[in-house]
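Right, one structure below, let's go through it.
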Amino acid sequence: MMSSRVLDNDGRTIDEIREHYEIEKALADRLRHASAEERATLYSEVYDELFQRVKHHPLVSGKEQDGRARRVASTIPFLRKFLKPDSTFLEIGPGDCALTFGVAPMVQQAYAVDVSEEIMTIAGCPENCELVISDGSDIPIKRNSVDVAYSKDLFEHLHPEDAALHLKNVIEVLAPGGVYICRTPNALSGPHDVSQFFDDDEPTGLHLKEYTTTELARVFKEAGFTKVIPYVWLKGKLIKLPLWPVVAAESVASCLPRPLCKVVTSRLPLKRVLGRVIAIK
């Protein structure tokens with residue numbers, strides 16, 4: 504539980520964080536208990552309602568803008584390793600679309616796919632960039648057309664029953680040999696959504712499931728990806744890792760007492776490795 508003196512790192516008050524938590528938890532419960540048919544429209548409804556009701560949400564208020572700009576600036580050199588001038592790039596769950604807009608001048612075509620019209624109402628879209636609304640798992644763009652798909656802080660927002668369908672849809676839009684780069688908070692150091700301030704073990708907000716890298720590799724391979732490669736991005740260098748040492752590290756960490764497990768997995772060197780994979784079609 505939060506101390507009464509604690510403020511969120513984006514400058515919000517405790518009362519604002521608690522309001523955000525209570526609204527998000529109620530919305531998350533709607534998604535968790537919804538049928539597959541209901542979720543086809545509910546993702547968009549839930550996120551639009553969240554951004555309408557929580558005006559101090561960092562993605563709405565702009566308080567995260569400086570940090571977001573720094574993260575975009577650090578991500579673009581990484582993505583250059585995979586992109587060519589004739590590439591088609593897809594970002595899934597782009598938030599304010601700053602990264603997609605930054606990548607657009609480097610590629611032939613860019614797409615940003617999200618579930619919320621509230622957050623996708625953004626000015627300044629480049630001519631070769633298209634904003635697309637999804638139902639949560641569908642990716643309504645041309646099949647076999649995408650060279651590089653990327654998501655950060657997206658996979659954990661999917662209902663566990665929708666994860667496999669999402670991945671199969673990613674595979675369908677990827678060109679032969681295309682890659683899906685996925686970054687998601689690691690379950691061993693979570694929760695990572697707003698419930699981190701109130702709940703110790705499992706996320707109860709809109710992180711419907713947080714994954715270990717071991718779990719990611721399993722669901723990606725079951726969906727049809729031929730390879731799943733953990734990676735480290737260190738000082739401008741991309742280092743691809745064998746899967747087995749990461750699986751072994753998670754196995755050892757998961758045997759530790761929960762508080763110690765969270766500390767170990769949230770610090771270097773594991774922090775740089777866990778929850779980051781490159782999946783190849």
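Heads up: the sequence shown begins at 504 in the numbering used here, then just goes up one per residue.
Note that beta-carbon positions come from the ideal geometry of N, C-alpha and C, so glycine has one too.
These numbers were taken from a predicted model, which means no experiment stands behind them.
Residue i versus residue j - alpha carbon distance
i: E675; j: Y653; result: 15 Å
i: I742; j: P694; result: 27 Å
i: L737; j: V755; result: 24 Å
i: E620; j: C600; result: 12 Å
i: V509; j: V767; result: With a pLDDT of 45 at V509, under the threshold of 50, the predicted position of this residue should be treated as unreliable, though the coordinate-derived value follows. Distance between the alpha carbons of V509 and V767: 23 Å.
i: Q611; j: L763; result: 47 Å
i: P580; j: F700; result: 33 Å
i: V606; j: E705; result: 34 Å
i: V557; j: L759; result: 37 Å
i: L545; j: R686; result: 24 Å
i: K584; j: G514; result: 35 Å
i: D702; j: E519; result: 17 Å
i: D665; j: K587; result: 31 Å
i: V549; j: V563; result: 15 Å
Contact under 8 Å by Cβ, residue i with residue j
i: G708; j: S698; result: yes
i: S640; j: L668; result: yes
i: E615; j: P597; result: Note on residue identity: the sequence assigns Ala, not Glu, to residue 615. Taking 8 Å as the Cβ cut-off, A615 and P597 qualify as a contacting pair.
i: S590; j: V651; result: yes
i: R499; j: H662; result: Limits of the chain in this structure are 504 at one end and 784 at the other, which puts residue 499 out of reach.
i: I517; j: L553; result: no
i: G627; j: K784; result: no
i: T715; j: N689; result: yes
i: C632; j: F604; result: yes
i: F645; j: A726; result: Here the sequence assigns Lys to residue 645, which means Phe is not the residue at that position. Result no, Cβ atoms of K645 and A726 do not sit closer than 8 Å.
Start and end residues, alpha helix (DSSP H) containing residue i
i: C764; result: 761 to 768
i: D702; result: No alpha helix (DSSP H) contains D702, which DSSP labels as neither H nor E.
8 Å contact criterion, which residue i and residue j should meet: CB distance rounded
i: V776; j: L744; result: 7 Å
i: V780; j: V731; result: 5 Å
i: D638; j: S547; result: 7 Å
N-terminal and C-terminal residue of the beta strand (DSSP E) that residue i is part of
i: D641; result: Run containing D641: none; DSSP gives neither H nor E here.
- Completely contained alpha helix (DSSP H) runs for the stretch 573 to 611, where each covers 4 or more residues: 601 to 606
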